[in-house]
Amino acid sequence: MAGAAGGPAAVGMRWRAALAALVLIALVTGAAVGLLRSTGGSGGADRVREVAAGLRCPACQGESVADSRSPIAAAMRQVVADQLAQGRDRAEIRRWFVQRYGPEVLTEPPAHGATVLLWAVPALTLLGAGYAALRTLRPRRPAARGAAVRPAPGGRAARRAWWAGAAGLVSLVAAVAVTADRLDRPPQQPPADPVAVTVQLARDLEGQDRYAAAAQLYREALRDRPDDTVRLRLAFALLRAGDAGAAEQAAREVLAHTPDSPDGLLVLGLAQRGARSAEATGTLRRFLTLAPEHPAAPEIKRLLSAGS
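Count along the sequence shown starting at 1, add 682, and that's the number in the numbering used here.
Here you go:
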């Protein structure tokens with residue numbers, strides 16, 4: 683009779699243990715969702731998109747580099763792809779962009795302060811809750827086979843404490859998921875200067891001998907902010923890309939504003955030389971007259987001597 687009496691109690695204990703396991707699984711799942719939201723993690727397979735999603739498009743309002751269709755975002759995605767191909771990880775690429783364009787280029791600030799707590803608090807609470815569940819909900823082994831299972835003294839109070847703790851943990855995880863995007867983040871962070879970022883990206887492309895792509899970005903910068911310094915860089919990039927006609931046009935626009943610009947005359951003369959224009963020699967000689975100490979002067983003198 684003792685075994686029959688103990689049977690339903692044992693079944694009840696098993697049901698309570700199963701229910702506790704289900705609660706723990708639900709809590710772990712909720713905590714994982716909260717932690718992923720707190721760190722902005724991405725589970726996509728596309729590594730370029732994953733990194734680009736953490737970068738702000740300077741030419742757009744509220745769009746990431748991954749979502750924007752602007753030329754500058756396309757150039758930034760290409761930089762990300764190049765650096766991934768070189769073996770750099772996400773953190774290294776983000777540091778590379780911050781060093782050049784400032785922290786405003788990130789869609790999210792680095793985790794610190796309260797953000798770090800979003801990792802620590804749910805994880806520590808889950809560990810504590812799991813330990814408490816094992817101690818309070820695990821049934822005691824019967825002293826002899828067939829003996830009735832008797833609840834430990836204070837068992838009901840312990841179970842009530844466990845359910846209260848579980849409810850508190852659910853509330854904590856929900857709070858993490860809701861507030862993760864707001865804590866420890868500066869409000870209305872200003873975007874990076876789009877022209878400055880575009881020009882710097884173009885210069886980086888020039889350093890990789892990708893002059894045509896650099897020229898496209900210089901044109902984008904000129905649309906937003908007409909500037910002869912950028913126009914000169916465009917002319918040099920076009921000249922190195924082999925487009926002498928477009929380089930000559932850009933140089934003439936600079937000289938229209940500043941007729942005695944040495945760099946403008948230099949690019950114009952070299953572009954005319956590339957197009958085999960008879961005006962090239964006169965333009966380059968004028969350049970030497972105005973800027974005899976220019977770093978390019980020795981090479982221009984050599985070219986003129988070789989052509990005479």
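Where is the CB? At the ideal position from N, CA and C, for every residue including glycine.
query	result
When you compare each of Arg934, Ala735, Arg968 to Ala773 by their alpha carbons, which one comes out closest?	Ala735
Restricting to Cα atoms, I'd like to know which of Asp875, Ala748, Ser750 is closest to Pro785.	Asp875
For Ala634, collect the residues of the same chain with a Cβ closer than 6 Å to its Cβ; drop the 5 residues on either side in sequence, then sort them by chain order.	Since the displayed the chain opens at 683 and closes at 990, residue 634 lies outside it and no answer follows.
In whole angstroms, what is the alpha-carbon distance linking Leu673 and Ala957?	Shown here, the chain extends from 683 to 990; a query on residue 673 therefore has no answer.
For Leu737, I'd like the list of residues in its chain whose CB is within less than 7 Å of its CB, leaving aside the five on either flank, ordered along the chain.	Ser746, Val747, Met758, Phe779, Val787, Leu788, Thr789
Put Ser746 into one of helix, strand or coil per three-state DSSP.	strand
If we ignore side chains and look at the alpha-carbon of each, how far apart do Ser959 and Phe918 end up?	18 Å
Please classify Leu904 as buried or exposed, where buried requires at least 16 other C-beta atoms within 10 Å of its C-beta.	buried
Taking its Cβ as the centre, do 16 or more other Cβ atoms sit within 10 Å of Arg901, making it buried, or is it exposed?	buried
Assuming contact is defined by CB atoms lying nearer than 9 Å, are Pro941 and Ala973 in contact in what I supplied?	no
Among Leu887, Pro980, Val936, which has the Cα closest to the Cα of Arg922?	Leu887
On the criterion of 16 or more Cβ atoms from any shown chain inside 10 Å, does Thr965 qualify as buried, or is it exposed?	buried
Which residue's Cα is closest to the Cα of Tyr783: Ser752, Gly744, Arg770, Val881?	Val881
To which residues does DSSP link Arg738 through a beta bridge?	Ser746
What residue range does the alpha helix (DSSP H) around Gly889 cover?	876-889
Within 10 angstroms of the Cβ of Gln898, are there 16 or more other Cβ atoms? Answer buried if so, exposed if not.	buried
What residue range is occupied by the uninterrupted alpha helix (DSSP H) comprising Gly924?	Where Gly924 is concerned, there is no enclosing alpha helix (DSSP H), given that its DSSP letter is neither H nor E.
Identify, in the order they occur along the chain, each residue of the same chain with its Cβ nearer than 8 Å to the Cβ of Leu985, setting aside the five sequence neighbours on each side.	Arg955, Leu966
In chain order, what residues of the same chain lie with their CB nearer than 7 Å to the CB of Val730, ignoring the 5 residues before and after it?	Arg759, Val762, Ala763, Leu766
Of all the options Thr971, Arg968, Arg885, which has the alpha carbon lying nearest to the alpha carbon of Thr911?	Arg885
Since Val787 is in the alpha helix (DSSP H), which residue starts that stretch and which ends it?	Val787 -> no alpha helix (DSSP H), and no H or E assigned at all.
Three-state secondary structure (DSSP) at Gln768?	coil
Exposed or buried, Ser987, counting other C-beta atoms within 10 Å across all chains shown (16 or more means buried)?	exposed
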